[in-house]
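S.K.: I'd like to ask you about the structure that follows.
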């Protein structure tokens, strides 16, 4: 026969594990675009400047400003858990588009990738 204390300890341990699993699954709500006019991005207030700094690295290498002016954001949809957006900045009076892919990261973070898009159509 199993002692009551051992059964109770197993039940408590199972409850702790279940609570941890539920907390991990509940975590952060899914990413969703903001309702800001002209800038419907899933990037939060902390992530937006980080994305613009990354775009600034590309801009500086191509004759633009390291602190580019954001002209607009367009949602291009989703691929699995990744949101794909087109961020357009101004470079010397020209509109320059970038592909920005955003996904939920660890904790409260939003992970992202930035990639320049072909600019032939952007004038």
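In our numbering, the protein residues as written are 5 to 127.
A virtual CB, placed ideally from N, CA and C, is assigned to each residue, including glycine.
(1) Per DSSP, what kind of secondary structure is residue 64 in: helix, strand or coil?
(2) For residue 64, is the classification buried or exposed, using 16 other Cβ atoms within 10 angstroms of its Cβ as the cut-off for buried?
(3) Report yes or no: do three or more beta-carbon pairs, one from the segment 69–76 and one from the segment 108–118, lie closer than 8 Å?
(4) I'd like the list of long-range same chain contacts for residue 4, defined as Cβ closer than 6 Å, with 5 residues on each side in sequence excluded.
(5) Tell me whether residue 67 is buried or exposed, calling it buried when 16 or more other Cβ atoms sit within 10 Å of its Cβ.
(6) Would you mind reading off the limits of the beta strand (DSSP E) that contains residue 119?
(7) Bridge partners of residue 79, per DSSP?
(8) What did DSSP end up calling residue 55 once you bin it into helix, strand or coil?
(9) Distance, Cα to Cα, residue 30 vs residue 103?
(10) Among the residues of its own chain, which have a CB less than 7 Å from the CB of residue 171, if the five just before and after it don't count?
(11) Looking at the unbroken beta strand (DSSP E) that takes in residue 103, where does it start and where does it end?
(12) Are the CB atoms of residue 71 and residue 84 within a distance shorter than 9 Å?
M.R.: Put simply:
(1) It is helical.
(2) Exposed, because fewer than 16 other Cβ atoms sit within 10 Å of the Cβ of residue 64.
(3) The answer is no - the segment 108–118 does not touch the segment 69–76, with fewer than three Cβ pairs under 8 Å.
(4) The requested residue 4 does not occur in the structure, where the chain is confined to residues 5 to 127.
(5) So residue 67 counts as exposed.
(6) Taken as a continuous stretch (DSSP letters only), the beta strand (DSSP E) holding residue 119 covers 114–120.
(7) When DSSP reads this structure, residue 79 sits in a beta bridge with 89.
(8) Helix, per DSSP.
(9) Residue placement at residue 30 is poorly supported in this model, since its pLDDT is 39, which falls under 50; the coordinates still yield a value, given next. When rounded, the separation of the alpha-carbon atoms in residue 30 and residue 103 is 29 Å.
(10) With the chain covering 5 to 127 only, the question about residue 171 has no answer from this structure.
(11) It spans 98–108 - the beta strand (DSSP E) in which residue 103 sits, taken as one unbroken run.
(12) For residue 84 and residue 71, no; Cβs fall outside 9 Å.
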